[in-house]
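Student: I am attaching a structure below and will ask some questions about it afterwards.
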Amino acid sequence: MLHELLLALLGYTGDLIIDEREFRQTVGFSPEDSMPNQCTFKVAPDISFIQPSERDIIENIITLGFYYRELDRFATKSRNLSWIKSGNESSVSRASEILKETRDNQSVYRRAIANGVVEILSVYRSAVLHIEQKLLSDSLPILATVTQGLNKFLVFLPPLYELIIEIERDGIHGGKLLNLLYKRCHCGVPEQQACVQRLLWHGHQVMYNQLACWMLYGILHDQYGEFFISRQQEGKSENEMTHIDNIQKMAQMSVSDGSLNDWYMGFNISLDMLPEYIPVQVAESILFAGKAIRVLRNPSSAFRSVDVLSHQATGPQTLKESLRNEPSSNTKLTGDELLPQSEADKIESMLKNLQESSEFHKRLFEEAIGSIRSIAANHLWQLVVVRADLNGHLKAIKDYFLLAKGDFFQSFLEGSRQLMRLPPRQSTAEADLMVPFQMAITKTISDEDKYFSRVSLRLPAFRVNIRSSQVDVREPTTFANGGPSAISDTSSEMSLDAWDGIALEYSVDWPLQLFFTQEVLTRYTRIFQYLLRLKRTQVELEKSWEYVMYQDHSDFAKRRSDPKDGKTSQQRRQRFRPMLRVREQMAFLIRNLQFYIQVDVIESQWNRLLARIKESRDFTDLVGFHQAYLSALISQSFLDIGSVSRILDGIMKLCLQFCWKIESQETDVSIEELERITEEFSSKSNSLYTILRSSRLSGSQRAPFLRQFLLRLNFNSYYEANAQGGMNVIKPQPTVPAFLRLQL
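Structure, rendered in structure tokens:
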């Protein structure tokens, strides 16, 4: 009886110990496919020589045999690798059957847990074998020997079986399985806690192997979708797909690098598979580190390293000087150069230390991940800032997108004034615009500017290369926020005329697409259009002054040569005086606004950005600093306040209309139109001052810069007096019209 009991403890029933499921099968009931919730091992009811107390003891102890058998079946099924070799079997039907049986159980994490179960069961088998040896050596074997040797397994085998039932019933796998085990580790039973911790250790071995592939080689080894870093899913919303498509097109503008495509849209965090004990911030660090390693290990074949140490020390170099001074560095790079083997060994060592630890320590895990992320971010920073000359490209974008090269845009706007007074012709707009651009290039841009060749001019339906005289007509460029309509829509409310859609494009090569995303370039385009609009208004105001002075000098010469025309010339001069006062008020506002944006906003934020770039060695921090820089430019320029933007747009429109009226006053003088322009300008300028003085803006991050702008506008309290006076007057009295009526 004791020998049959030992066999039952290893899952083999007989005449003394029977399995109720097998008994039901013999009487016509098919056994259940799933794991039973309760023990089905029982002492045969026809056994009469066993006392009731002994029957209770035996039935209590043989539950271990039931748990052993079911756990062994789970381990065997989960560790079944026959589907790998099924293609080599002669029987195709047998291979299909095996594949069908194992399709739902293909999980490396379950397989790892099954290995842990086998390890625990081997300890149990050893205990049963030891009891058998002890029974054989005793002259009078007793049942108490069996129970005394196996009582400790009654503590953790039943909870372990319940755990396996939950895994099987709910189909838990991957990170969810780790999360379940981590929760079960926290209990007050040391034996049960040690058992579950061992299973969790086996599961973590798989996770660490996946982390090593991802963070050491940039390879996602996850054939069953169980890792919390996953490939981007194909099923996305229409807006998400549009965003992804735009990013993909941007990444393919210069080179078709898989690393760039993967950086933008290749991988994401699967929150379903992320264990709860791993914070999302740590998962984001893992995601970033893996993507950075992919970029570093797969450099573009067309990329050439640029030595910026001399560039930063001596300033910008010409292309000829760069080629002459950097023959050794201007070569192709390999992954080993961007990520030295010594750094890869550090990453491997940190992951190996985590893997060899018998317990999972959250603090040590987060510290190791943070260190690996820092290594990846530092080398990515070296690639983008040092080797790809980020500072030079940022300076170029500042020169052209933020109008730091004022002489170039001054020359272009002066040369295109007459062209921009007419609506653009759809068929020849780009060719017409090329003439003043080429003239501006000839006058202001030297051949030593190696970044200017990356700049191109774009109209809503055309793209014109500035460097080349050839006209390149292409499809409208799509943007991350919805294509060409994204720019036209956002600027439609702030449009002066049909030429207001002029924008710049900047050609970005690998790896700068990681930094200058299409969203970033779109924001630069928005700022550029605003600054060009402001610069164009300033040029028109300056030219109107030149026109009035020219007319005044011409009238003075005519008056001296022909005294009879003196009265007419005097009337013309008197007519220009109120116009000049209004023009000066407009120029004062536009000039101070432009000075505020260029000096107080752009230059201030630019110096702060350069200081942060110099201090940082982390690519993520670098991107954050640049995003903060762009946000500050937009915010402190009031582009994110619709009410202020609309008022400024209206003021610039009125300035242009006023200038055009002055130059056409000899042929078409409209008193009512001048009254309207003057009245609207006074109203809008007062409204602008009132809004800028509001408590909502004075308490925002714009406050320090805003006070400087308001001080320039209101240094003699003129705007304050006008704004307060406008509150008590139903309709402001016009400045020009009454005087002009007397003259006409």
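Add 538 to the 1-based position in the sequence shown for the numbering used here, that's all there is to it. Cβ atoms here follow ideal geometry from the backbone N, Cα and C, with glycine treated the same way.
1) Could you name the residues of the same chain whose beta carbon sits closer than 7 angstroms to that of L876, not counting the 5 residues immediately before and after it, in chain order?
2) What separation, rounded to the nearest whole angstrom, lies between the Cα atoms of L716 and I1179?
3) Whole angstroms is fine: what's the gap from N747's alpha carbon to E886's?
4) Which value, in whole angstroms, describes the spacing of the CA atoms of N777 and T1063?
5) Return the first residue and the last residue of the alpha helix (DSSP H) that I824 is part of.
6) Could you say which of D874, F826, A926 and S823 lies nearest to F841 if we only look at CA atoms?
7) Determine the contact status of I1200 and M1117, defining contact as a CB-CB distance below 8 angstroms.
8) Using a threshold of 8 angstroms, state whether the C-beta atoms of A613 and A652 are closer than that.
9) Tell me the DSSP secondary structure of L719 in three-state form.
10) Would a C-beta distance cut-off of 8 angstroms place R992 and S949 closer than the cut-off?
11) Could you compute how far the alpha carbon of F1066 sits from the alpha carbon of V1058?
12) First and last residue of the beta strand (DSSP E) that includes D557?
13) Threshold first: 4 residues or longer. Then list the alpha helix (DSSP H) segments lying entirely within the segment 957 to 990, N to C.
14) With a threshold of 16 other CB atoms inside 10 Å of the CB of S1181, please say whether the residue is buried or exposed.
15) Where Q671 and S677 are concerned, what is the direct C-alpha to C-alpha distance, given to the nearest angstrom?
16) What are the start and end residues of the beta strand (DSSP E) that includes E542?
17) If you reduce the DSSP assignment to three classes, tell me which class L695 lands in.
18) Skipping 5 residues on each side, what residues in its chain have a beta carbon closer than 7 angstroms to that of K829?
19) In terms of residues, what are the limits of the beta strand (DSSP E) holding L940?
20) Rounding to the nearest angstrom, what Cα-Cα distance links G687 and Q735 in this structure?
21) Look up V581 in the DSSP assignment and give the residues it is bridged to.
22) Between L681, T551 and N575, which lies nearest to S591 when the distance is taken from Cα to Cα?
23) Give me whichever residues DSSP pairs with W1125 in a beta bridge.
24) In three-state DSSP terms, what is I807?
25) Please state whether DSSP places R1155 in a helix, a strand or coil.
26) Check Y1044 in the structure and name its three-state DSSP category.
27) From the DSSP output, in three-state form, read off L1249 for me.
28) Considering only C-alpha positions, which residue in the set R1240, R911, K1073 and F1163 is nearest to L1186?
29) Can A582 and I600 be called in contact, C-beta distance under 8 angstroms?
30) Helix, strand or coil: how does DSSP classify R955 here?
31) Does DSSP put S1202 in a helix, a strand or coil?
32) Tell me which same chain residues have a C-beta within less than 7 angstroms of the C-beta of G908, skipping the five on either side of it?
33) So, for L540: in the same chain, excluding its five sequence neighbours on each side, which residues have a beta-carbon less than 8 angstroms away from its beta-carbon?
34) So is V1120 buried or exposed if we call it buried at 16+ other beta carbons inside 10 Å?
35) State the DSSP-derived secondary structure class of L995, mapped to helix, strand or coil.
36) By the DSSP assignment, the alpha helix (DSSP H) with S912 in it spans what residues?
Tutor: Reading off the structure:
1) L834, P837, H917 and L921
2) Straight-line Cα distance between these residues: approximately 48 angstroms.
3) 10 angstroms
4) Any reading at N777 must be qualified, since the residue scores a pLDDT of 44, below 50, and its modelled position is unreliable; the value itself is stated next. Each residue's CA atom was taken as its position, placing N777 and T1063 some 21 angstroms apart.
5) V818 to R835
6) F841 has its Cα closest to that of A926, out of D874, F826, A926 and S823.
7) yes
8) yes
9) The three-state reading of DSSP puts L719 in helix, counting H, G and I together.
10) Not in contact: R992 and S949 (Cβ atoms no closer than 8 angstroms).
11) 12 angstroms
12) That run of the beta strand (DSSP E) goes I555 to D557.
13) As far as the segment 957 to 990 is concerned, its whole alpha helix (DSSP H) runs of at least 4 residues are 967 to 982.
14) exposed
15) 12 angstroms
16) Counting along the chain, E542 falls outside any beta strand (DSSP E), though it belongs to the alpha helix (DSSP H) covering L540 to L547.
17) helix
18) D800, W801 and F805
19) Segment: none, L940 is in no beta strand (DSSP E) and carries neither H nor E.
20) 23 angstroms
21) I555
22) L681
23) Reading off the sequence shown, one finds Ala at residue 1125, where the question assumed Trp. None, per the DSSP bridge assignment.
24) Three-state result, I807: strand.
25) coil
26) strand
27) helix
28) Closest by alpha carbon: K1073.
29) no
30) Three-state result, R955: helix.
31) In this structure, S1202 counts as coil in the three-state DSSP scheme.
32) S823
33) L673, P679, L681 and V684
34) buried
35) Note: L995 maps to strand in three-state DSSP.
36) K900 to W919
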